[in-house]
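So the sequence lines, in the order shown, correspond to chains A and B.
Letter by letter, the first sequence follows residues 4 to 131 of the numbering used here.
Letter by letter, the second sequence follows residues 3 to 206 of the numbering used here.
Idealized CB from N, CA, C, for every residue including glycine.
Step one of this worksheet: look at the structure below.
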Amino acid sequence: MILTGEIVSQVKEVINEKLISANVHTVLVIDGAGNILAHCGEDTDGLDAISLAALTAANFGATSQIAKLIGETDFSLLYHKGEKANIHFARLSGEMILVSIFGDEVSLGLVRVRVDELAVLIKKIFEG
Amino acid sequence: MALIDLGKKEVHCKIVYYGAGRCGKTTNLIYIYNAMSDSDRGKMLTIDTKGDRTLFFDLLPLNLGKISGFDIRIQLYTVPGQVMYSATRKLVLKGVDGLVFVADPLKVRRERNIESLNDLKRNVAEHGLDLAEMPLVLQYNKRDLVNTPVPTLTVEELEHDLNQEYQVPGFEAIATKGDGVFETLKEISKRTVNHVAKKHLFNG
Ligand SMILES: Nc1nc2c(ncn2[C@@H]2O[C@H](COP(=O)(O)OP(=O)(O)OP(=O)(O)O)[C@@H](O)[C@H]2O)c(=O)[nH]1
Ligand SMILES: [Mg+2]
Chain A
4 MILTGEIVSQ
14 VKEVINEKLI
24 SANVHTVLVI
34 DGAGNILAHC
44 GEDTDGLDAI
54 SLAALTAANF
64 GATSQIAKLI
74 GETDFSLLYH
84 KGEKANIHFA
94 RLSGEMILVS
104 IFGDEVSLGL
114 VRVRVDELAV
124 LIKKIFEG
Chain B
3 MALIDLGKKE
13 VHCKIVYYGA
23 GRCGKTTNLI
33 YIYNAMSDSD
43 RGKMLTIDTK
53 GDRTLFFDLL
63 PLNLGKISGF
73 DIRIQLYTVP
83 GQVMYSATRK
93 LVLKGVDGLV
103 FVADPLKVRR
113 ERNIESLNDL
123 KRNVAEHGLD
133 LAEMPLVLQY
143 NKRDLVNTPV
153 PTLTVEELEH
163 DLNQEYQVPG
173 FEAIATKGDG
183 VFETLKEISK
193 RTVNHVAKKH
203 LFNG
C-alpha cells in the first residue's frame, strides 16, 4: 500500500475531530499485515504501538476464523474493558482496523457512534 | 503487503521465518535482537507456550538504514512450526513480503522439512501469492550437529529436498552461535526491498 502525506493528514484530521476531541486517548489505524498507517492522540507513555498493531492484526485474523467456525462471516468489532483503560477495535474497508484506547470518562456508546462515522469518512479518503 | 509512506519517507516490509517445529526460527530472532544496537531494533514480542515453543508468533522490528532516501523498516516474524498450528501460520503470513525457510538437518526431520515447505507454498497460495515468485532464501541451520553422532543430512541432500524447485540462495547456519544468521538476514532483506521497490515504486 502506498500512503501519501496528504492521505495521512486527512485521516488524522477526521480522527482528531471525531475521537480525540471526545477525549479518546489514542487512536491507531493499522492494515491487515500489522503496519501502522496513522497514530493519533497522546503518545501514551510506554505504549508499544508496533506490538499493539501486530497483535491486533493477528487477533482480528484469529477472530475472523472463529466467526467462520460458528457460521458468521466476521465480527466487525471487538471491545475489551479494563480497570482504567478500554480498547475498541473496528474493521474498516480495505482490511484496515481502527483501534481506540480510552478511559472510563468516555462512553462506549459515543465511541461506537463516532467510529461508525469515521469508517465512512476514512473510506472516502482512501478512495480519493 | 509492504507499506510505503511517502510522507515520512519510510518503507515497511514483513519478512517471515518459516519452517518445521524446533528448526531454530525463534533462535534466529533472538540472536539478531541481541546483536543489534537499541537504535536499530524495536522491542521483541514473543508469544510462546510454557517452555519455548512458539504459540502464535515472534516479532522483531528493525531499522535497516536508508535506501534512496527512504528509511527501511523491517518486521521479522516467526511462525509456530508445530504441525497443528497451520491456521496460525496462515494468519501470520498475511501481508508477507519475504520469506526465510529454516531447515533442520536431523535425518529424522527430513520429511518434516519437506512437509513444512509444502505447507508454506499452500498457505501463501491461499493469500493469492506464488511462492516461486516471492523473495525467498533457505537456511540450513544447526550445522554444528554435523560433527556429532546424531545422523544429519548433508547440504546436498537438503538442496535436493528443498531447493530444486526454487533455486534460491541457501545459507549454512548455527543460529545458537550466530553463524550465518546475518548472512541470511542481509540476503532476504535485499531481495525483499528490491522486490517491493520494483512492484510499488518504479513500475507505478
Ligand atoms: N545445536 C543447535 N541447536 C539449535 C540451533 N538453533 C536452534 N537450536 C535449538 O533448537 C531448539 C529449538 O529452537 P527454536 O528457535 O525455539 O525453534 P523454533 O523453530 O522457533 O520452534 P517452534 O517455535 O516450535 O516452531 C532450541 O533448543 C534451540 O536452542 C543450532 O544452530 N544448533
Ligand atoms: Mg519459535
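**Asked** Which residues of chain B have a Cβ atom closer than 9 Å to the Cβ of Leu31 (chain A), listed in chain order?
**Response** Result: empty, since nearest Cβ-Cβ is about 13 Å, beyond 9 Å.
**Prompt:** Interface residues of chain A around His197 (chain B) at Cβ under 9 Å?
**Reply:** Going along chain A, no residue has its Cβ under 9 Å from His197 (chain B), so there is no contact; the nearest lies around 15 Å.
**Asked** Can you tell me whether Gly53 (chain B) is buried or exposed, with buried defined as 16 or more other CB within 10 angstroms of its CB?
**Response** exposed
**Message:** If the criterion is Cβ atoms closer than 8 Å, does the pair Ile100 (chain A) and Gln13 (chain A) meet it?
**Reply:** no
**Request:** Kindly indicate if chain B contains any beta-carbon less than 8 Å away from that of Val11 (chain A).
**Result:** yes
**Message:** Does the CB of Val102 (chain B) have a neighbour CB from chain A at under 8 Å?
**Reply:** no
**Message:** If contacts are defined as beta-carbon pairs under 8 Å, then Ala60 (chain A) and Gly35 (chain A) qualify, I think. What distance do you get, rounded to the angstrom?
**Reply:** 6 Å
**Item:** Neighbour flag for Gly8 (chain A) against chain B, beta carbons, 8 Å
**Value:** yes
**Message:** Please tell me whether Tyr79 (chain B) and Leu61 (chain B) are closer than 8 Å, where the distance is taken between their beta carbons.
**Reply:** yes
**Message:** Can you give me the C-alpha to C-alpha distance between Phe1 (chain B) and Asp7 (chain B), rounded to a whole angstrom?
**Reply:** Outside the displayed span of chain B (3 to 206) sits residue 1 (chain B), for which this structure offers no information.
**Message:** Please classify Lys21 (chain A) as buried or exposed, where buried requires at least 16 neighbouring CB atoms within 10 angstroms.
**Reply:** buried
**Asked** Helix, strand or coil: which one does DSSP assign to Ser103 (chain A)?
**Response** strand
**Asked** Are there 16 or more other CB atoms within 10 angstroms of the CB of Asp46 (chain A), so buried, or fewer, so exposed?
**Response** exposed
**Prompt:** Beta carbon of Asp60 (chain B): closer than 7 Å to some heavy atom of ligand 2?
**Reply:** yes
**Request:** Give, in chain order, every unbroken run of the alpha helix (DSSP H) that is at least 4 residues long and sits entirely within the stretch 21-45 of chain B.
**Result:** 27-37
**Request:** Confirm the yes/no value for this check: CB of Gly172 (chain B), any heavy atom of ligand 1, distance under 7 Å.
**Result:** no
**Request:** Whole angstroms is fine: what's the gap from Arg24 (chain B)'s alpha carbon to Val98 (chain B)'s?
**Result:** 22 Å
**Request:** Give the single residue among A:Ile104, A:Val27, A:Ala122 and A:Gly131 whose Cα lies nearest to the Cα of Ala56 (chain A).
**Result:** A:Ile104
**Member of B:Leu140, B:Met46, B:Leu131 and B:His129 whose CA lies at the smallest distance from the CA of Ser118 (chain B)** = B:Leu140
**Asked** Closer than 8 Å, Cβ to any Cβ of chain A: which residues of the stretch 84-102 of chain B, in chain order?
**Response** Ala89, Thr90, Leu93, Val94, Lys96, Gly97 and Val98
**Item:** Against chain B: residues of the stretch 50-71 of chain A by CB proximity under 8 Å
**Value:** Asp51, Ile53, Ser54, Ala57, Leu58, Ala60, Ala61, Gly64, Ala65 and Gln68
**Asked** Exposed or buried, what is Val32 (chain B) when buried is set at 16 or more other beta-carbons lying within 10 Å of its beta-carbon?
**Response** In the sequence as presented, Val is not what sits at residue 32 (chain B); that position holds Ile. Buried, by the Cβ-count rule.
**Request:** Please confirm whether any heavy atom of ligand 2 lies closer than 7 Å to the CB of Thr90 (chain B).
**Result:** no
**Request:** Report the residue ranges of all beta strand (DSSP E) runs contained in full by the stretch 78-102 of chain A; include only those spanning at least 3 residues, in chain order.
**Result:** 80-84 and 88-94
**Reference Leu58 (chain A); option with closest CA among B:Leu64, B:Thr56, B:Ile49 and B:Arg55** = B:Ile49
**Item:** Where Ile5 (chain A) meets chain B, residues with beta-carbon distance less than 7 Å
**Value:** Ile6, Leu8 and His202
**Asked** Along the chain, where does the alpha helix (DSSP H) that runs through Asn38 (chain A) open and close?
**Response** Element bounds for Asn38 (chain A): n/a, residue is neither H nor E.
**Message:** In the DSSP output, which residue or residues are listed as bridge partners for Arg111 (chain B)?
**Reply:** The partner list for Arg111 (chain B) (beta bridge, DSSP) is empty, contrary to what the question assumes.
**First through last residue of the alpha helix (DSSP H) which encompasses Arg117 (chain A)** = Leu111 to Glu130
**Asked** Under 8 Å, do Val126 (chain B) and Leu93 (chain B) count as touching if we go by C-beta distance?
**Response** no
**Request:** Please confirm whether any heavy atom of ligand 2 lies closer than 7 Å to the CB of Lys27 (chain B).
**Result:** yes
**Prompt:** Thr230 (chain B) to Gln166 (chain B), Cα distance in whole Å?
**Reply:** The first residue shown for chain B is 3 and the last is 206, placing residue 230 (chain B) beyond what the model contains.
**Message:** I'd like to know if Met38 (chain B) contacts chain A, where contact means its C-beta is closer than 8 Å to some C-beta of that chain.
**Reply:** no
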